[in-house]
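Residue numbers (the working numbering): 393 to 615.
Single-structure report; data block below.
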Amino acid sequence: GKERISELSHEQAMFARDTDGGMSLLDIVKKYKPTTLLGMTAVGGLFKEELIREMAKHCERPIIFPLSNPTTKAECTAEQAFDWTDGKCIFASGSPFDPVEMDDGKVFYPTQCNNMFIFPGLGLGATICGAKKVTDRMLYVAAEALANFVTKEELSQGKVFPHISNIRTVSQKVAVAVIKEAIRDNQATKLQEKDMANLEEFVISKMYDPIYVPLVEKREIML
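Set out below in C-alpha cells:
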C-alpha cells in the first residue's frame, strides 16, 4: 500500500505500485505489463508457464532473469524461458544452464549473471585512481563497458554476458571506464585528465598476474 511505498528510497519508489492486496504474481503481470522479471526468491519454479507466456504477449523481448542459486532454487530454467517465449526472451540466470535447442534447430546459450564481471574492474579502477567514493555514474559506466563487450554474434546466440575466458580483458575495460568517469567527476585523487592518453596500458600494468615465479634458478649442466 501507500504506507509501504513511503518507506522506500526514491530509486525503489520509481518501480513501486499501489496494488490491491493479495494480488498474485500473474495478476500483477496482467495488470501492469512489466517488461522484466527478476527472480531473487530462492523459490524453485516460481515463474510458471502461464506467467512467462503472459509476459511474452505484451513484450516483444521480455527480460527473464531467474537469479536464485542453486539450480534447484531457480525460478525457471533456461529451457522453460526460451520455450515459453518462443525464443524471444532475454535470459540470464544465477545458476548455470545447458544450451537450449529450439524446435527449428536454433540453439541458445544461456549465460550466468554474476558480479564477477563488474566487481574486479570496479575495484581495480577505483583503487588505481584513488577514487574518493564509488558513485552511481561509476557503476553505470562499468555496466555499460561490460555490455559493449558482448558481440552481436553472442547476442544472437542468446548470450547476455561475455565468455568467462575473457574476464581479464573485461575487467580491464571496466577499470578504464571507471577511472575515466572518476576523473571527469573530480573523484580521482591519483590520476588527472592528462593521464588518460595511455590509460589502457597503464591499467594492464597494474593487474595482478596469477603465476608462480621460479624460486630456484635452473641452469643446464654440461656433461
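Just so it is clear, CB atoms sit at the ideal spot from N, CA and C, and this is done for glycine as well.
The segment 529 to 540 makes no contact with the segment 481 to 501: fewer than 3 CB pairs, one atom from each, lie closer than 8 Å. Between glutamine 472 and serine 485, the CB-CB gap reaches or exceeds 8 Å. Note that the C-beta distance between leucine 591 and valine 568 is below 8 Å. Only residues of its own chain outside the window of five on either side were considered, and among them Ile420 have a CB closer than 7 Å to the CB of threonine 411, listed in chain order. The three-state reading of DSSP puts leucine 547 in helix, counting H, G and I together.
Contact check for glutamate 546 and proline 554: beta-carbon distance about 7 Å, within the 8 Å limit, so the pair qualifies. Straight across, the Cα-Cα distance linking asparagine 507 with valine 608 is about 38 Å. Here phenylalanine 483 is bridged, per DSSP, to Ile456. Residue state for glutamate 467 is assigned as coil, using DSSP reduced to three classes. By the neighbour-count criterion, in which a residue is buried when 16 or more other Cβ atoms sit within 10 angstroms of its Cβ, serine 563 is buried.
In the three-state reduction of the DSSP assignment, valine 552 falls in the coil class, being assigned neither a helical nor a strand state.
Exposure of isoleucine 603 is indicated by the presence of fewer than 16 other C-beta atoms within 10 angstroms of its C-beta. Between the beta-carbon of alanine 470 and that of valine 492 there is about 5 Å, and that keeps the pair under the 8 Å contact cut. Alanine 523 and serine 557 have their C-alpha atoms spaced approximately 28 Å apart. Among the bridge pairs identified by DSSP, glutamine 504 is matched with Ser485. The shortest CA-to-CA distance from isoleucine 575 to any of Met406, Cys521 and Tyr501 is the one to Cys521. Nearest to phenylalanine 457 by alpha-carbon distance, out of Glu536, Phe489, Arg560 and Leu429, is Leu429.
The beta carbon of threonine 561 sits closer than 8 Å to the beta carbons of Phe541 from its chain, once the five residues preceding and following it are set aside; these are given in chain order. Here methionine 494 is not near serine 460, since their CB atoms are 8 Å or more apart.
For threonine 428, the three-state secondary structure derived from DSSP is strand.
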